[in-house]
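Note that the sequence shown covers residues 615 to 1221 in the working numbering.
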Amino acid sequence: MCGIIGYIGEREAVSIILEGLKRLEYRGYDSAGIGILKEGKLSILKCKGRISYLQTLLEKKQISARIGIGHTRWATHGEPSSRNAHPHSDFSRHIAVVHNGIIENYQELRKQLEKEGVRFTSETDSEIVPNLIKKFYEGDLRKALRKVIKILRGSYALGIISVDEPDKIIAIRNDSPLIIALGKKENFIASDIPAILAYTRKVIYLNNGEIAVVGKDDVEILDKRGRKVAVSPEKVSFNIELAQKKGFKDFMLKEIYEQPSVLSRILSQYVKDNRIDFKTSGISPSLLKSIKEVVIIACGTAFHAGLVGRYLLETFSRLPVWAELGSEFRYRHPVIGKKTLVIAISQSGETADTLAGVREAKRRGARVISICNVLGSSLIRESEAYLYTYAGPEISVASTKAYTAQLTLLYLFSLYLARVKEKISAEQSKKVISYLKKIPQAQRKVLEREAEIKEIARKHLHFGAFLYLGRGVNFPTALEGALKLKELSYIPAEGYAAGEMKHGPIALIDEYRAVVCIANDSPLYEKMFSNIQEIIARRGKIIAIASEGNEQIKRLIKEVIFIPSVEPLLSPLLTVVPLQLLAYYLASLKGYDVDKPRNLAKSVTVE
Ligand code: AGP
C-alpha cells in the first residue's frame, strides 16, 4: 500500500532514498517525503504528488546526510496532501517515522495524546506513532517502541529515526512487509526488494513483532521481549533489469508480452518428462490424500484465477471446490476443517484480505497452501506449502503475467491432485500437459494482433460503458477483462455470465453499449452465438473474441479478434490476452498512466 525505505551508512542518504522510492512508487504514489538526521537536527521534506515533485524540492534544498528514511504514500486516513505525507514527527521534532499499514485504534490513542497536550498537524493514523514513542522514551528507543506496540492495534511496518539516537534506524513490522538489507558499512530497510537491489542482495525478512536495530556496521534483530534473535540473511535472486521496461512504453505492455516465456518457465520448473514435479513446493501426496474439499481464497484478479481454478479442480479431481473473496470469507463463519484444503492465490503475498482469510482458515483447522509470486512474502511464510509462480517482478498495478501464471499453476495443481486422488490416469495428465505446452506459441500468435487490437480500441474510445460476456471456464475471463478495463481506463465495465443476459442485463443493450463476447471454440459456443444474435437484434456494438477459421462470426461481426483454436479447458490462458491489450490501449489512447492508475496500488496491504 505504501513504500518505505531507510538508509544508514557512509554514502549520501538522500539520493539513495530517492532512488529507492522511485522503485517503490508502484506501491503508492499520491504523496512522498524524506526525513534525515544531521548534526543533531531532524529535517523533513515532503509533498503531495509523485516522487518527481519531491526530487525537485530536494534539488532546491540541497539537503544531505548519512542517515534517513523515505516514504511514498497511498492514502488511507487523510487525503493526499503534504501535511498527511510521511515521515511524521512527534510534536517536539525529535523522532520521525514512516509507516505502511493502518493503526485501527488511532482515534482513541490520538484523543488521549491530545489530552496530554500533544498537537497534531495531520489527519493520519500514522502521526500518533512518533508521539507515542516520545511519550514512552526514557533514553532507549527500543524500550519505548516495545511499550508502544503493546497498545497499537492494526497493521504496521515502521521505520524510525531520532535525534537522541542518531546512529541507528529502528524498524518493526506487523502484517505489513519489511526487509532489512545488508551492505558494506551501510544498511537499509525497505518495503520491497526492488528498492535496494542496486546496492545489495543480502536481506533479512522481518517477522511480525521483531524489532530491527539498524546501524551502519551492524544489525540486531530483537524479539517482542527484547531478546536477540539469531538470523541468517538470505540472498535475493531476481535482478533489477527484470524490473525495467526493456524498451516497452510501459511495464504493463512488457508484462503482457512476457506471458509466453513465463508460462514456458513454469512448465520447465514443474514438469519433468511430462510428469508434474512439486517436490520443491513442500506439497506432498500425504497432505492431499486426506482432503475432501477445496476452498480457494483470493482478491481481484487473483480471485478470477481462482474461479477458473474451481472449474479445473472439479473437472479433474471431482472434489467440491469453492472460490471465495478474501474480504468476504473472513467474516462468513465458514464451515471448514482439517479435511479442507485452502489454496490462497496472491501475486504480492501481502494482500490483507487474503492473509486474513488464510488466518481464519488456519484457525478453523484447514490446511493451507499458496500460489504466490513473491518469495519471503507474508503469505508464503504463513502457508504450509506453496507454488511459486516464477513470473518475475510484476510492477504494473494491473496484474497480467501473474494472472496467467496463477492459471498455469492451477492447471498443474488440478492434474496433480487428480492423480493423487486417482481420478485421472497418467496418460490423461500427460495429454493435458501436451496441450499446455502449445499455449505459449498460441499466446505469441495473439500478441501478433496487437496493432489490430489497438485499432479496435481506437474505434471504441467514445463508448461510455462496456459489458463483457463469457460462458463456463471463460465466465471468469469476462470478469477479468472487465476489471482490466475499469481499473485502467476508469470506464464502467461489467463482466457477466452470458447465460444471465436474459435475466436482466439485456435491458442495458443498445447502440451505445459495447459488448465484448468471448466466443472461442468450446462446447458452449452455440449458446454464446445465440447471445450474440440477441445483442445484434438490440443493436449492441459487439467486439468478439473468436477462434481462427470461424466464418460464421466473421460474416456476422465486424470487430473480431481471432485467436488460435486450443483445447477449450485451456482457453482462459489465451482469451484473456486480447482483453489485456484492449484495456491497455483504451487507457493509453486516453493518455492515462497505465502503470499507475488513479486510486490504486500494487499491493493492497490494508483492509
Ligand atoms: C489486478 O489487476 C488488481 N491490481 C488487483 O485486483 C489485484 O489482483 C488484487 O489486489 C490482488 O492482489 P494480489 O494478487 O497481490 O493478492
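Don't be surprised by glycine CBs; every beta carbon is placed ideally from N, CA and C.
None of the values given here were measured: they were computed from a predicted structure.
Only exposed fits residue 1075, as fewer than 16 other CB atoms lie within 10 angstroms of its CB. Distances from the CB of residue 961 to the heavy atoms of the ligand AGP include at least one below 7 Å. Relative to the ligand AGP, even the nearest heavy atom lies 7 Å or more away from the CB of residue 1140. In this structure, residue 656 has its beta carbon at no less than 7 Å from each heavy atom of the ligand AGP. Secondary structure of residue 810 (DSSP, three-state): coil. Per DSSP, reduced to three states, the secondary structure at residue 1003 is coil, with no helix or strand assignment.
Checking the 7 Å criterion, the Cβ of residue 913 is within range of a heavy atom belonging to the ligand AGP. Judged by DSSP in its simplified three-state form, residue 719 adopts coil rather than helix or strand. Here residue 1055 is exposed, its C-beta having fewer than 16 other C-beta atoms within 10 Å. Assignment of alpha helix (DSSP H) within the region 1046-1075, counting only whole runs of 4 or more residues, yields 1053-1061 and 1064-1073 in chain order. Residue ranges of uninterrupted beta strand (DSSP E) with 3 or more members, entirely inside the region 879-933 and ordered along the chain, are 907-912. Distance from the CA atom of residue 859 to the CA atom of residue 1117, rounded to whole angstroms, is 44 Å. Between the region 687-695 and the region 667-679, the count of C-beta pairs closer than 8 Å stays below three; the two stretches do not touch.
DSSP places residue 947 outside both helix and strand once states are collapsed to three, so it counts as coil.
Between the alpha carbons of residue 756 and residue 1187 lies a distance of about 50 Å.
The region 1211-1219 makes contact with the region 1097-1106, as at least three CB pairs between them are under 8 Å. Judged by pairs of C-beta atoms under 8 Å, the region 926-940 touches the region 1020-1036, as three or more such pairs exist. In this structure, the alpha-carbon of residue 793 lies about 6 Å from that of residue 820. For residue 972, the shortest separation between its Cβ and any heavy atom of the ligand AGP does not lie below 7 Å. Taking residue 733 as reference, the option from 867, 703 and 784 with the minimal CA-CA separation is 703.
Relative to residue 720, the option among 627, 707, 743 and 878 whose CA is nearest is 743. Of 751, 1132 and 1167, the smallest CA-CA separation from residue 777 is found for 751. Distances taken from the Cβ of residue 812 to the heavy atoms of the ligand AGP include none shorter than 7 Å. Taking C-alpha positions only, residue 1175 is separated from residue 938 by approximately 31 Å. In this structure the region 1053-1072 touches the region 872-887; the number of beta carbon pairs closer than 8 Å is three or more. Inter-residue distance for residue 876 and residue 1020 is about 11 Å (C-alpha atoms, whole angstroms). Nearest in C-alpha terms to residue 1058, of all of 917, 1191, 801 and 685, is 1191. Beta-bridge pairing by DSSP links residue 769 to 716. Of the candidates 633, 620 and 982, the residue whose Cα lies closest to the Cα of residue 804 is 620.
With a cutoff of 7 Å, residue 922 does not count as near the ligand AGP, since its C-beta is closer than that to no heavy atom of the ligand. Restricting attention to 775, 633, 997 and 1023, the CA atom closest to the CA of residue 1004 is found in 1023. Proximity of the region 823-836 to the region 767-782 meets the contact definition, three or more beta-carbon pairs being nearer than 8 Å. In this structure, residue 1165 has its beta carbon at no less than 7 Å from each heavy atom of the ligand AGP.
DSSP lists 909 as the bridge partner or partners of residue 936. Distance from the CA of residue 1092 to the CA of residue 1110, rounded to the nearest whole angstrom, comes to 6 Å. Distance from the CA of residue 739 to the CA of residue 718, rounded to the nearest whole angstrom, comes to 8 Å.
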